[in-house]
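Reviewing the structure listed below.
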Amino acid sequence: MEELRRHLEKKAREALEEMGAGEVSLSAEAPRDLAFGDAALACFPLARTMKKSPAAIAAELASRLGPDELVEKVEAAGPYVNVRFRFSAMARSVLLGVLEGRPPYGPFPARGKTVVIDYSSPNIAKPFSVGLIRTTVIGAALYRIYRHAGWKAVGVNHLGDWGSQFGKVLAALERWGDREELRRNPIRHTLELYVRYHREEEKDPALAERAREIFRKLEEGDPGIRALWKEITDLSLGEFQKTYDRLGITFDLVQGESFYEPYLEETIQKVVEAGITEVSQGALVVRLGEGDEPPCLLRKSDGTTLYLTRDLAAVFHRWEKFHFDQCLYVVGGEQKLHFRQLKGVLQKMGLEWWDRIEHVAFGLIRFKDGRMSTRHGKVVFLDEVLDKAVEKVREIIQEKNPDLENKERVAEAVGVGAVVFNDLKNSRIKDVRFDLEEMLNFEGETGPYVQYAGARLSGILRNAAARGLEPAGPEEDPGLLADAREVIHALGSWGDSLGRALKEDEPSQVTGYTVRLARSIHSYLHDHRVLGEEEALSRARLLLVAAARTQLERALGLIGLACPEEM
RNA sequence: GCGCCCGUAGCUCAGUUGGACAGAGCGGCGGACUUCUAAUCCGCGGGUCGGGGGUUCGAAUCCCUCCGGGCGUGCCA
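Right, dumping it as structure tokens:
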């Protein structure tokens, strides 16, 4: 599709030059409706320089753009020039592009650029709640998308394994904890302790004092406290890993905030040496901007450090290690100020790479009656949601396809996929209401809908193989697929979707692509048979089926969904 | 109070960066399985694009203002 558009753009450029428009160019875009054609040139941008109406320009341009080996028909429609490509050329370009894995369908060659992506980064004193799914799956999708586009991607899990909340948990453990229970059920027990702490903190000032003291000792390196901390973080991380495995998510670098603990002093020193700090109310701060913009705190009045201090240490470390071209933080939108401050400090320090930092924000998950709160124990565990989804899929399989092999594996892939898909469906910035019922509705624009399209395609390919029928080869004319124009277009729009996904750091563009592709496939398969037609037709359609299946699996893979052969 | 984000069909959302008649899914109603998987497909109904101004040949999209919701706003992360 891309090469056809470039061909058209080149022709248009030449024609416009003949028309005396000078060195101008128009870009070919997808028309609003397939009925208009396969590509459209909008002439609005030329109206001013050419001092003619867009419609007049379109009319003249259209008259100069004749048919050729790739273009079948050119037509002016108001301010647009609509172009229909020769179907065989278009189909061949798309189908072979997909099957041979040429970019953008297959991965791009390395382009020598590095992106560091910070995602998931759970606070491991807290449970793996559904709230964490957002950063985890959005970040992992971006990681795969950047890699597909030829970037060197570094996935970082910046574990929240440090900070005053550990003082709280350890203080609670000291007072009410059960070490046996902690080992058996680390996450739940830690959560219980955390909730209890917050319930009792208000009426018991000594408790809060003890928590602060413990955190201070932790930072000072007290061996007993350190050992306890290590035990909790290890147990907790083990539990997190199980969920990552289920989601198929990996990292290149798992490094807790604690890792940076020895570097905090030199980090603070670096900022001080830049001459931008001041002491205010006993705390070390950097003032950014004017007016009410709150200052950034590097060190509290009690001498301990903050989130920002540790993030600064981490970003220096990342810079030295990777010299990234971009560094993305996939973190909720409520932390916008924090990242503005992080960038602000770097900028004020005069570091030229401050602008490569980007906060990829997303909306939070809310319940009908307000937001989640770990402190109040108002959490839903992600694993429970996944389990419910998988259970629902099991029931559906039992009902629809009881003879299926690998039932359990398919149920897991479809159930987990449904939850992941649901989270990647909408623009990331929107808040999402936690609605289990909607998550478990598997009809319409859902993960199972897309996977089901893949399974139907696979079924056809299996049957064809059993009959010894091969897809048409590249030398054969794909003209027999003229009734599949919509599928070809859906397939061919991949470059647009991928481009926007990258430009906007928006995995939902890929999700949307899978839905459109699946829809065109379902619709086509409903109206057309592949096997049992005249051989040339069957083989041509088989080529389409193979390409659709390949591309669907690729796109699903980028957002972290499997594409089961059967379901 | 101030700052940022969101507001499109009953519900959940798209809307290709200012352009062709505002589109999907869910829910509702009505149809399609002796034929490669009906977790599917096809049709119908449903919208002052939160309100009001402005910029423009042209605004859901840009600017101003108001309203509603969310988030943040010095020692949490």
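First residue of the first sequence? That's 145 in our numbering, and the numbers climb one at a time after it.
Quick reminder that beta carbons are idealized off the backbone N, C-alpha and C, glycines included.
Query	Result
How close, in whole Å, do the beta carbons of Ser445 and Gln413 come, if the pair is a contact with beta carbons under 8 angstroms?	Rounded, the Cβ-Cβ distance is 19 angstroms, inconsistent with contact.
Could you name each continuous alpha helix (DSSP H) segment of 4 residues or more that falls completely within the stretch 582 to 613, going from the start of the chain to the end?	591 to 610
Determine the burial state of Asn550: buried for a count of at least 16 other Cβ atoms within 10 Å of its Cβ, exposed for fewer.	exposed
Would you report the Cα separation of Lys195 and Cys187, rounded to the nearest angstrom?	12 angstroms
So the beta strand (DSSP E) Val429 belongs to, where does it begin and stop?	Ala427 to Val430
Whose C-beta lies closer than 8 angstroms to the C-beta of Arg370 among residues of the same chain, with five residues either side of it excluded?	Leu362
Alpha carbon to alpha carbon, what distance is there between Ser380 and Val313?	13 angstroms
Per DSSP, what kind of secondary structure is Asn226 in: helix, strand or coil?	strand
Suppose the cutoff is 7 angstroms on Cβ atoms and the five residues either side in sequence are ignored; what does the same chain contact list for Asp640 look like?	Ala174
Pick out whichever of Glu709, Pro271 and Ile282 has its Cα sitting closest to the Cα of Leu391.	Ile282
Quick one: what's Ser273 bridged to in DSSP?	Phe525
With Thr655 as the anchor, note down where its alpha helix (DSSP H) starts and where it stops.	Ser652 to Asp671
For Arg719, I'd like the list of residues in its chain whose CB is within less than 8 angstroms of its CB, leaving aside the five on either flank, ordered along the chain.	Nothing can be reported for residue 719, as the shown portion of the chain is limited to 145 through 711.
What residue does the beta strand (DSSP E) around Ser197 start on, and which one ends it?	Per DSSP, Ser197 belongs to no beta strand (DSSP E) and is neither H nor E.
Do you know offhand how far Glu147's Cα is from Ser237's?	8 angstroms
The ligand ZN and Arg236: does any heavy atom of the ligand fall closer than 7 angstroms to the residue's C-beta?	The ligand ZN is not part of the structure shown, which contains no ligands of any sort.
Hey, Glu409 and Gly307 are a contact pair by Cβ (cut 8 angstroms); roughly how many whole angstroms apart?	Incorrect: roughly 17 angstroms between the Cβ atoms, too far for contact.
Would you mind sorting Ser664 into buried or exposed? The rule is 16 or more other CB atoms within 10 Å of its CB.	buried
Whose C-alpha, out of His672, Gly447 and Leu276, is nearest the C-alpha of Glu357?	Gly447
Assign Pro266 to one of two classes, buried (16 or more other C-beta atoms within 10 Å of its C-beta) or exposed (fewer than that).	buried
Candidates Val524, Leu530 and Gly294: which alpha carbon is nearest Lys270's?	Val524
Which residues in the same chain have their Cβ closer than 7 angstroms to the Cβ of Trp498, if we skip the five residues on either side of it in sequence?	Lys487, Leu490 and Gln491
Taking the straight line between their C-alpha atoms, what separation do you get for Asp649 and Trp463?	21 angstroms
Is it right to say Asn226 is buried, meaning 16 or more other beta carbons lie within 10 angstroms of its own, or is it exposed?	buried
What residues match up with Leu397 in a beta bridge as DSSP calls it?	Val300
The alpha helix (DSSP H) with Gly392 in it runs from where to where?	No alpha helix (DSSP H) holds Gly392; DSSP gives it neither H nor E.
Distance, Cα to Cα, Thr658 vs Ile393?	20 angstroms
Between Ala293 and Phe252, is the Cβ-Cβ spacing less than 8 angstroms?	yes
Roughly how many whole angstroms lie between the Cα atoms of Leu605 and Ala599?	10 angstroms
Alpha carbon to alpha carbon, how far is Glu478 from Asp575? Give it in angstroms, no decimals.	11 angstroms
Specify the secondary structure class of Gly476 as computed by DSSP and reduced to three states.	strand
Rounded to whole angstroms, how far is the Cβ of Phe310 from the Cβ of Trp373, which I believe are closer than 8 angstroms?	6 angstroms
Please classify Ile412: does DSSP put it in a helix, a strand, or coil?	helix
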